[in-house]
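Data first, discussion second: the structure below is written as structure tokens.
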Amino acid sequence: MERPSSDHALYVISVFAELAGVHPQTLRNYERSGLLNPARTRGGSRRFSDADLAALRRIQELTNDGVNLEGVKRIMALENELAATRALVDQMRAEARSHVEATHRQYRRDLVPVRNALALFVDATRRGAR
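If you count the sequence shown from 1, position 55 lands on 51 in the numbering used here, and the numbers rise without skipping.
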């Protein structure tokens, strides 16, 4: 059986509010502020995921530290941007590593083993001495 991903919307607002220990109206306010973006059913009901729960925990952590909602929004946007940038850097590192390895493989094909090179040099030297 396949396990749902962390962004698979599972919880209705009442269950999610109880899990998070907040009032449903708080969740609506966070959504209006752009801090949470729950999925919607065809009928328009909110459905929250484990990823939403992680985001809510981060919101609570920041607000408990005295950050206002606009500050929380900016911090979370910067954290998301940083995560995306790190993923891009990791991808670029992997691509660069792959290019370097391909270049090294090419060098290995082009190089003549030392024994063969010495034999060729000695043979060419002998020919030149005649």
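C-beta: ideal position from N, C-alpha, C; glycine also. Since this is a predicted model, take the numbers as computed values, not measurements.
So, under 8 angstroms CB-CB, residue i and residue j are touching, yes? Tell me the CB distance rounded to an integer number of Å.
i	j	result
Leu49	Ala16	6 angstroms
What residue range is occupied by the uninterrupted alpha helix (DSSP H) comprising residue i?
i	result
Arg13	The residue asked about is misnamed: residue 13 is Ala in this sequence, not Arg. Here the alpha helix (DSSP H) through Ala13 covers Ile9 to Ala16.
Ser29	Pro20 to Ser29
Asp168	Since the first residue shown for the chain is -3 and the last is 126, residue 168 is missing from the structure and cannot be characterised.
Straight-line CA distance for residue i to residue j?
i	j	result
Val85	Thr121	52 angstroms
Leu65	Ser29	8 angstroms
Arg70	Leu31	10 angstroms
Arg53	Arg82	22 angstroms
Glu91	Phe44	36 angstroms
Gly62	His19	20 angstroms
Ser94	Arg101	11 angstroms
Tyr7	Ser41	10 angstroms
Tyr103	Glu57	54 angstroms
Glu97	Gln87	15 angstroms
Ala79	Arg89	15 angstroms
Thr37	Arg24	16 angstroms
Of the choices the options, whose alpha-carbon is the least far from that of residue i?
i	options	result
Asp46	Val11, Asp119, Arg93 and Thr99	Val11
Glu75	Glu97, Ala51, Val8 and Val96	Ala51
Taking a contact to mean a Cβ-Cβ separation below 9 angstroms, would you say residue i touches residue j in this structure?
i	j	result
Ala35	Thr22	no
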